[in-house]
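Trainee: Below is one structure. I have some questions about it.
Numbering (my numbering), first residue to last: 11 to 151.
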């Protein structure tokens, strides 16, 4: 959690919350609303709160989702440093999950992370190794 707490956010607003999903009831809610749970013993659920985030005045862009994603990424990297496996899961039924987990009301659920020690034969899916060429991602002006 410290990795998320110290994550850089726009104007240091920290417009996110992280829920550790460990109880049997909460795990059942996640497993009932997401097919990508990978048999993990626990989950981290990350939510963004738009009304707490900084908004760019020039175009009214709200940075809640960006800030929550930065914090979530830092948590993933910290988990990896601890030898834990995780993956970013966005394919879940957020409205149904919010009904099942009312503590998440008022947040945009950004990401779900199955967390646990990876199986010895665990390997990333094939598409995770495909990358665009640098010149497709980078330009100099």
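Virtual Cβ for every residue (Gly too), placed ideally from N, Cα, C.
Check whether chain B comes within 8 Å of residue 11, counting only Cβ atoms and requiring the distance to be less than that.
Mentor: Here there is only one protein chain, and chain B is not present.
Trainee: Please list the segments of the alpha helix (DSSP H) lying wholly inside the segment 66-118, counting only runs of 4 or more residues, in order along the chain.
Mentor: 74-91, 104-110, all fully within the segment 66-118.
Trainee: Which residues in the same chain have their Cβ closer than 6 Å to the Cβ of residue 119, if we skip the five residues on either side of it in sequence?
Mentor: Taken in chain order, the residues that qualify are 57, 104.
Trainee: How many angstroms separate the CA atom of residue 53 from the CA atom of residue 59?
Mentor: Taking the straight line joining both Cα atoms gives about 20 Å.
Trainee: Which value, in whole angstroms, describes the spacing of the CA atoms of residue 75 and residue 121?
Mentor: For residue 75 and residue 121, the distance between alpha carbons rounds to 10 Å.
Trainee: So what does DSSP say about residue 16, is it helix, strand or coil?
Mentor: Correct three-state label for residue 16: coil.
Trainee: Is there contact between the segment 33-50 and the segment 68-88, where contact requires at least three CB pairs shorter than 8 Å?
Mentor: Output reads no: the segment 68-88 does not touch the segment 33-50.
Trainee: Given that a residue counts as buried once 16 or more other Cβ atoms are within 10 Å of its Cβ, and exposed if not, what is residue 111?
Mentor: The residue is buried, with at least 16 neighbouring Cβ atoms inside 10 Å.
Trainee: What's the C-alpha gap between residue 77 and residue 19?
Mentor: If you take the alpha carbons of residue 77 and residue 19, they lie about 5 Å apart.
Trainee: Label residue 86 either buried or exposed according to how many other C-beta atoms from any shown protein chain fall within 10 Å of its C-beta, with 16 as the threshold for buried.
Mentor: Burial call: buried.
Trainee: Name the residue from 139, 97, 91 whose alpha carbon lies nearest to the alpha carbon of residue 46.
Mentor: Cα-wise, what sits closest to residue 46 is 97.
Trainee: When you compare each of 28, 49, 62 to residue 132 by their alpha carbons, which one comes out closest?
Mentor: Measuring from the Cα of residue 132, the nearest candidate turns out to be 49.
Trainee: Please go through the same chain and pick out, in chain order, the residues whose beta-carbon is closer than 8 Å to the beta-carbon of residue 142, but skip the five residues on each side of it.
Mentor: Result list for residue 142: empty, nothing under 8 Å.
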